[in-house]
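Before any comments, here is the structure.
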Amino acid sequence: MSTTTRATARTTTAATARTAALDAVPTPPTSQPTTQPTTPHDRADALLLLALSAADERDAESLRDEAVLLTLDLPEQVARRYAGRGIEHDDLVQVGRLGLVKAAAGYRAGIGSCFAAYAMPTISGEVKRHFRDCGWSVRPPRRLQEVRALLGAEEEQLAQQLHRTPTRHEVAERLGIDPSEVTSAKLCGSAYSAVSLDEPDDRGAARVEVFAQESADIDRMLSLSALQTALGVLTDRELLILRLRFVEERTQSEIGRVLGVSQMQVSRLLTSILATLREGLADPAYAA
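Going by UniProt numbering, the sequence shown opens with residue 1, and the numbers climb by one from there.
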């Protein structure tokens, strides 16, 4: 990263600036014992306070760069919070480091303030902005994004009350919305990280094989990007059912024996799975 390289190159300059700045600070009374910074974050706080009083801007910048090097763990922490959401960890770290540099440049707090507490909102803001700009493979309407944000907590509360997984109609009633919005919001969630059709599943087969022979009416209504988005709403069990039926061409009775359910239950499951796909993928928000 250019900021890190620049900061390292200026270490000697920073040390000189720090010595000069310390010489300019009045010596505290002997009755008030001083304490030296002991942690990297404490040292960063001290360096940034010195940067505020540095006479030369180049010296101040060197001090800020050194403080950045001492707090590189902060963007790492933020990046870990957003792991597995469709953007590479290293990319999130780089974006977070830009936020860290901005925070160091804007730090104006007085003595006693912690730079880490000041910097974290700036770092998080940069990462969130990056997700808004780059995180969606298919950008859904804001309304669906808002519904998606509510789904997890509401489904968990309903599951605790009902002692089972709630249906989409029950979730919709709880939120006061149409059931179709629940389905679309779940598809919206999968749009953060659309599944690659070439990525192997847990059986070693590419997912594209699972759907290569799917019914012609679904193939006609889907574009590749819409299909990628739709895969995210299906469970592993549902994907297995589709694979057994349309790729391995097993009968419903054979699928029932694999799953330990009746042929009638398999029929209902297939109908439900295909209906969910059709409903979600026919939504204008996901039209190609």
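Quick reminder that beta carbons are idealized off the backbone N, C-alpha and C, glycines included.
Leu270 sits away from Arg243, with the two beta carbons spaced by 8 Å or more.
Counted as a single uninterrupted DSSP element, the stretch harbouring Ile87 is not any alpha helix (DSSP H), since DSSP gives it neither H nor E. Contact between His130 and Val95 holds, with the beta-carbon distance rounding to 5 Å and staying under 8 Å. No Cβ-Cβ contact shorter than 8 Å links Ala67 with Ala60. In this structure, the beta-carbon distance from Arg168 to Val182 falls below 8 Å.
For the 8 Å CB-CB criterion, Arg174 and Glu154 form a contact.
Excluding five sequence positions before and after Leu150, the CB atoms of its chain that fall closer than 7 Å to its own CB belong to Leu175, given in chain order.
In this structure, Ile123 sits away from Leu162, with a CB-CB distance that is not shorter than 8 Å. DSSP places Gly176 in the coil class of the three-state scheme, outside both helix and strand. Inter-residue distance for Glu76 and Asp178 is about 40 Å (C-alpha atoms, whole angstroms).
Where Gly125 is concerned, the enclosing alpha helix (DSSP H) starts and stops at Phe115 to His130. Only exposed fits Ala275, as fewer than 16 other CB atoms lie within 10 angstroms of its CB. Under the three-state reduction of DSSP, Gly260 is assigned to coil, being neither helix nor strand. Straight through space, the alpha carbons of Ile241 and Thr235 are spaced by roughly 10 Å. Excluding five sequence positions before and after Gln263, the CB atoms of its chain that fall closer than 6 Å to its own CB belong to Gln252, Ser253 and Gly256, given in chain order. Spatial neighbours of Tyr82 in its own chain (CB-CB distance under 8 Å, excluding positions within 5 residues in sequence) are listed in chain order as Leu92, Val127 and Phe131. For Glu249, the three-state secondary structure derived from DSSP is coil. The beta carbon of Ser272 lies closer than 7 Å to none in the same chain, with the five residues before and after it left out. Contact between Leu47 and Leu63 holds, since their C-beta atoms are separated by about 5 Å, short of 8 Å. Nearest neighbour of Lys102 by Cα position, chosen from Leu49, Asp90, Met120 and His89, turns out to be Met120. Rounded to whole angstroms, the separation of the alpha carbons of Gly84 and Thr38 is 35 Å.
For Ala149, the three-state secondary structure derived from DSSP is helix. Non-local C-beta neighbours of Ser180 in its own chain, meaning closer than 7 Å and more than five positions away in sequence, comprise Glu279, ordered along the chain. Annotated three-state conformation of Asp65 is helix, per DSSP. When DSSP states are grouped into helix, strand and coil, His163 belongs to the coil group. Nearest in C-alpha terms to Arg58, of all of Ala105, Ile87, Glu88 and Asp45, is Ala105. Here Gly152 is exposed, its C-beta having fewer than 16 other C-beta atoms within 10 Å.
Per DSSP, Leu234 lies in no alpha helix (DSSP H) segment and is marked neither H nor E.
Rounded to whole angstroms, Ala185 and Val78 show a C-alpha spacing of 25 Å.
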